[in-house]
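Trainee:
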Amino acid sequence: MATIDLHHICKVEGHGSLIVEINGSKLARCELKVVEGARFFEGLVKGKRYDDIQEITSRICGICSCAHTVSCLQAIENAMNVRVSEQTRRLRELLSVAERIRSHATHLYFLSLPDYLGYESALAMVGKYKKEVLTALHLMKIGNNMVQMIGGKEMHPFTSVVGGFTHVPDKKTVDYLKKELKKCLPEAIATAKLFMKLKQPDFNANMDFICLNPEKDAPLISGDVISLSGLKIRPADYTKYIEEEVMPYSTGKFSKFNGKTFCVGAIARINNNYKSLSKNAKRLFEQAKLKLPLTNPFHNNFCQAVELVHWVERGIALLNYPFKFEGLPNINVSAGRGVSAVEAPRGILFHDYTINSKGFVEKCNIITPTAQNLRAIEANVAQLIEQMLKQKAGKEKIIPEVEKLIRAYDPCFSCSAHFLKVRWVRK
Amino acid sequence: MAKKKISAKKNKKTEKTSGKPIKTKANAKIKASAQQNKQAKKLKVGIQSITGCAGCQLSIYFIEDVLLELLEKIDLVAAPMIKEQNAEEYDLLFVEGSVSSQEDLDNLLKWRSKAKTLVALGACAVNGNVQSMKHLMNEKEVEQTVYSKFPSEPRLKPITSVPIHKHIKVDFYIPGCPPDKQEIVHVIKCVLQGKQLRVYDKAVCHECSLKENYCLLDQGIECLGPLMNGGCRALCPSFNHPCTGCRGLLDDANLESGKQVLIEKGFDPDMIIKRMTKYNSLQFREFDEKKKEK
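Residue numbers (my numbering), protein chains in the order written: chain A, 6 to 432; chain B, 1053 to 1346.
(1) Does the CB of ASN306(A) have a neighbour CB from chain B at under 9 Å?
(2) Between VAL166(A) and chain B, is any beta-carbon pair separated by less than 9 Å?
(3) Do the segment 1253 to 1262 of chain B and the segment 143 to 158 of chain A meet, that is, are 3 or more Cβ pairs less than 8 Å apart?
(4) Is VAL1147(B) closer than 9 Å to ALA1172(B) when the C-beta atoms are compared?
(5) Hey, which unbroken runs of the alpha helix (DSSP H) at 4 residues or more fall wholly within the segment 1173 to 1210 of chain B?
(6) Since I believe LEU394(A) is in contact with HIS30(A) (beta carbons under 8 Å), could you give me their beta-carbon distance rounded to a whole number of angstroms?
(7) So, helix, strand or coil for VAL1315(B), using DSSP?
(8) Go through the segment 1111 to 1161 of chain B residue by residue and report every complete run of the alpha helix (DSSP H) that reaches 4 residues or more, in order.
(9) For the alpha helix (DSSP H) holding ASP56(A), just list the boundary residues, first then last.
(10) Taking LEU1161(B) as the reference, give the member of LYS1317(B), SER1200(B), VAL1222(B) and CYS1257(B) with the closest Cα.
(11) Under 7 Å between beta-carbons, which chain A residues line up against LEU1144(B)? List them in chain order, please.
(12) Applying the criterion that 16 or more other CB atoms from any shown protein chain within 10 Å of the CB defines a buried residue, is GLU1121(B) buried or exposed?
(13) Measure how close the beta-carbons of GLN1227(B) and VAL1178(B) come, nearest whole angstrom, since I'm counting them as under 8 Å.
(14) According to DSSP, is HIS315(A) part of a helix, a strand, or is it coil?
(15) Is HIS356(A) helix, strand or coil by DSSP?
(16) Could you please give the first and the last residue of the uninterrupted alpha helix (DSSP H) stretch that includes PHE46(A)?
(17) In chain order, what residues of the same chain have a beta carbon less than 6 Å from the beta carbon of LEU190(A), not counting five sequence neighbours either side?
(18) Determine, using beta carbons only, whether LYS146(A) comes closer than 9 Å to chain B.
(19) Need the endpoints of the alpha helix (DSSP H) that CYS189(A) sits in, please.
(20) Is there contact between the segment 59 to 77 of chain A and the segment 1100 to 1109 of chain B, where contact requires at least three CB pairs shorter than 8 Å?
(21) If the cut is a Cβ gap below 8 Å, which residues of chain A does VAL1194(B) touch?
(22) Should CYS66(A) be flagged as near chain B, meaning a C-beta pair shorter than 9 Å?
(23) Does LEU1170(B) come out as helix, strand or coil in the three-state DSSP assignment?
(24) At a Cβ cut of 9 Å, what residues of the segment 122 to 134 of chain A count as close to chain B, listed as they run along the chain?
(25) State the Cα-Cα distance for the pair GLN1183(B) and ALA273(A), rounded to the nearest angstrom.
(26) Under 8 Å, CB to CB, which of the residues in the segment 1327 to 1345 of chain B have a partner in chain A?
(27) Give a yes or no on whether 9 Å exceeds the smallest Cβ distance from SER260(A) to chain B.
(28) Go through its chain and collect everything with a Cβ distance to VAL40(A)'s Cβ below 6 Å, but skip five positions before and after it.
(29) Does GLY1104(B) get closer than 9 Å to chain A when you measure Cβ to Cβ?
(30) Under DSSP, the beta strand (DSSP E) around ASP1(A) begins and ends at which residues?
(31) Could you name the residues of the same chain whose beta carbon sits closer than 7 Å to that of ILE1285(B), not counting the 5 residues immediately before and after it, in chain order?
(32) Please report the straight-line C-alpha distance between LYS1061(B) and ASN1306(B), rounded to a whole angstrom.
(33) According to the Cβ coordinates, are MET160(A) and SER339(A) closer than 9 Å?
(34) Using a Cβ-Cβ cut-off of 9 Å, state whether VAL1198(B) counts as contacting chain A.
(35) According to DSSP, is GLU367(A) helix, strand or coil?
(36) Comparing C-alpha positions only, which one of PHE214(A), TYR254(A) and GLY257(A) sits nearest to LYS237(A)?
Put into structure tokens, the structure is as follows:
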């Protein structure tokens, strides 16, 4: 029997590995492992006061710290019945938009593109594809600048607190960001056109797609949970539908939605919410001549590129607002349970807190997008290997495709640990 | 194992009094390796990570403006997050993350043996960060809150997070969560030019007053600025947010008097300790132990 052992899967965020065993021409075992050390966040926040939680949970992830920040704060506010102003919601959505721009740009150009162009890394592409690398760096820069100017730091933003913001960008900053975002629009469009041209393997997965309902005012940070199969639930009811399971080989838990394998992320958002995309984004999607719903997870890359255009435009629109400092928030502590679901770059992120009458956390549950995707990735990898074995493909052909598939999901193993090396065992 | 302050960090005091950079083994080594590289090949730089959020290494890739220029000067031989091919010999190695599993420890020991100069990058590697709060809590209870049954594979065996200097010798520290990008560029530049590395060792209040910020403590906000390492340009207080100490406790922080001041201002003592220990549980515990010895 042959084993594929991707002991450390490169070009993904965090530490993951994949072990595949092949018996003759049959797949005997396929295990996707998150090997990121466990940090026990849900346990750590127990007994901490409401105003310390965001800072702790934001540390779960570097690349999506804004999503963790916003989800955490909203869940605590829901638990304590704190209402926030329209400006606060707008600034939080802007943080999420900014993070999306830098996260998608980093994933698309630095993690995914080298696979398609046949380079070992984006840095090796500089010789022939300098323009593309510079585009990536510019998109990352504007995303970073936005998070920094609104959130205080590029990672783990701190100005957003329970009830509001400790600092609001002044008019000069807002105008600067607007100007810079406008410059980014042609770059985002070029990115979508670039990813449209990439040839994707012929692959179809049978799974459900979950995302947040776009009908509310701020689709990134609020809304009901909807599925392509037609379910619509309130975020607070997530425990009835999402079932988590600990696997003996992974610090990341595996989940099912309503008993089914499912996926979250850009592809799920476009499958469910195509109508709410901006005109430019829709036009680009149409040019690709793809049929909705998309069932090939490799298209997640293109979906992210289309989203990039949409969110740059949304960002410009959100900045049209007379931001004004509203003073430090005054909070009345009260007991309760609060849940918040937001769309992180990689999919839905749930934060759930139970707070006691003194404002201390009694219970906490967090489900990250990658944890929701792990089962789908594992199932897709197994299916892809079986498909390729039938086509009599060898190890040297299978491994790169498997890695490409895993990367298309843009997994974040830091988040899910609670992942990528591939091991190939042939018996 | 007691915390060994080594190399650059060890010499803070001398540096403070003389104001001049001091020769340390690490610095001498850096100088030697830099000179070697001038003659021969480019500086072999690696970026490796153990358990953490990967934010520190992202901070390196986010040096958008000078990244390509910087990469021309060095040879980035390992960065598994963005590279497929990764070498295992380094002149300068950045390590992010805290030791949190058996695999982390095995990797760390391997990297140390292959690196001429090893830099701890970010709050996890320097002080253990938020995940090290588990040391001050009921560890079993914390674990059971998250995993009803912990994954059985031996390489995943959890270690309650400790900073990397608990297991290996560290040549230089870049604190912060995340670390300042400019500081990372500065360190690489210093190594390239064979210059001595210096540690910033003034309180957050120092830069905060230079910026002429209104004191948050005076306004009744629980700011830990007086006790914490600066070098962050007093970022949080400048945005009306109290310092919570992501760059670690000052080596000579007067913890007792700090606590007293905060209690006198009417803050909950239990709460203050929870804040002070957020990023620096182990450092805090060592301060306590030192006090008992006296």
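Heads up, the beta-carbon is just placed ideally off N, CA and C, and yes, glycines get one too.
Model, not experiment: these values are computed from the prediction.
Mentor: Short version:
(1) In the first sequence, counting from the first residue as 1, residue 306(A) sits at position 301. By this cut-off, ASN306(A) is not an interface position.
(2) Counting from 1 along the first sequence, the entry for residue 166(A) is found at position 161. Yes, contact with chain B.
(3) no
(4) The residue you call residue 1172(B) lines up with position 120 of the second sequence. The residue you call residue 1147(B) lines up with position 95 of the second sequence. Yes. Within cutoff.
(5) 1174 to 1179 and 1191 to 1198
(6) In the first sequence, the residue the question calls residue 30(A) occupies position 25. In the first sequence, the residue the question calls residue 394(A) occupies position 389. The question names His, but residue 30(A) is Ser in the sequence shown. Rounded, the Cβ-Cβ distance is 5 Å, consistent with contact.
(7) What you label residue 1315(B) is simply residue 263 of the second sequence in a count that begins at 1. Note that residue 1315(B) is Ile in the sequence shown here, rather than Val. The answer is helix: DSSP assigns ILE1315(B) an H, G or I state.
(8) 1116 to 1125
(9) Residue 56(A) sits at position 51 when you count from the first residue of the first sequence. It spans 55 to 63 - the alpha helix (DSSP H) in which ASP56(A) sits, taken as one unbroken run.
(10) Translated into positions along the second sequence, residue 1161(B) becomes position 109. Of the candidates LYS1317(B), SER1200(B), VAL1222(B) and CYS1257(B), the one whose C-alpha sits nearest the C-alpha of LEU1161(B) is VAL1222(B).
(11) The count along the second sequence starts at 1 and reaches residue 1144(B) at position 92. Per Cβ cutoff of 7 Å: no residues; LEU1144(B) is ~17 Å from chain A at best.
(12) Counted from its first residue, the second sequence places residue 1121(B) at position 69. That one is exposed.
(13) For this step, residue 1227(B) is matched to residue 175 along the second sequence. For this step, residue 1178(B) is matched to residue 126 along the second sequence. A quick correction: the sequence has Pro, not Gln, at residue 1227(B). Contact flag correct, Cβ pair sits at about 5 Å.
(14) Within the first sequence, the letter at position 310 stands for residue 315(A). Looking at HIS315(A) - three-state DSSP - the assignment turns out to be helix.
(15) Numbered from its first residue, the first sequence carries residue 356(A) at position 351. If DSSP states are grouped into helix, strand and coil, HIS356(A) belongs with the strands.
(16) For this step, residue 46(A) is matched to residue 41 along the first sequence. Its alpha helix (DSSP H) spans residues 46 to 49.
(17) Taking the first sequence and counting its residues from 1, one reaches residue 190(A) at position 185. These residues qualify, in order along the chain: VAL317.
(18) For the purposes of this step, residue 146(A) is identified with residue 141 of the first sequence, where counting begins at 1. Yes, its Cβ sits closer than 9 Å to a Cβ of chain B.
(19) Translated into positions along the first sequence, residue 189(A) becomes position 184. Looking at the DSSP string, the run of the alpha helix (DSSP H) that includes CYS189(A) is 176 to 202.
(20) yes
(21) As a position in the second sequence, residue 1194(B) is number 142, starting the count at 1. In chain order: PHE45, GLY48, LEU49 and LYS51.
(22) The residue you call residue 66(A) lines up with position 61 of the first sequence. Closer than 9 Å to some Cβ of chain B, the Cβ of CYS66(A) qualifies, so yes.
(23) Residue mapping note: residue 1170(B) aligns to position 118 of the second sequence, counting from 1. Note: LEU1170(B) maps to strand in three-state DSSP.
(24) TYR124, GLU125, SER126, ALA127, LEU128, ALA129 and VAL131
(25) For the purposes of this step, residue 1183(B) is taken as residue 131 along the second sequence, with counting starting at 1. For the purposes of this step, residue 273(A) is taken as residue 268 along the first sequence, with counting starting at 1. GLN1183(B) and ALA273(A): Cα-Cα distance of roughly 32 Å.
(26) ARG1327 and LYS1330
(27) For the purposes of this step, residue 260(A) is identified with residue 255 of the first sequence, where counting begins at 1. Chain B contact via Cβ: absent.
(28) Indexing the first sequence from 1 puts residue 40(A) at position 35. Excluding sequence neighbours, VAL40(A) sits near HIS20 and SER22.
(29) Taking the first residue of the second sequence as position 1, residue 1104(B) is located at position 52. It does; some Cβ of chain A falls within 9 Å.
(30) The requested residue 1(A) is not part of the displayed model; chain A covers only 6 to 432.
(31) To locate residue 1285(B), count along the second sequence from 1; it is residue 233. Residue 1285(B) is actually Arg in this sequence, not Ile. Correct list, in chain order: GLU1259.
(32) Within the second sequence, the letter at position 9 stands for residue 1061(B). Within the second sequence, the letter at position 254 stands for residue 1306(B). Bear in mind that the predicted position of LYS1061(B) carries a pLDDT of just 43, short of 50, making it too unreliable to give a figure here.
(33) Your numbering for residue 160(A) matches position 155 in the first sequence. Your numbering for residue 339(A) matches position 334 in the first sequence. For MET160(A) and SER339(A), no; Cβs fall outside 9 Å.
(34) Against the second sequence, residue 1198(B) aligns to sequence position 146. By this cut-off, VAL1198(B) is an interface position.
(35) For the purposes of this step, residue 367(A) is taken as the residue at position 362 of the first sequence. Of the three classes helix, strand and coil, the one that applies to GLU367(A) here is strand, per DSSP.
(36) Counting from one through the first sequence, the residue named residue 237(A) turns up at place 232. It is PHE214(A) whose Cα lies nearest to the Cα of LYS237(A).
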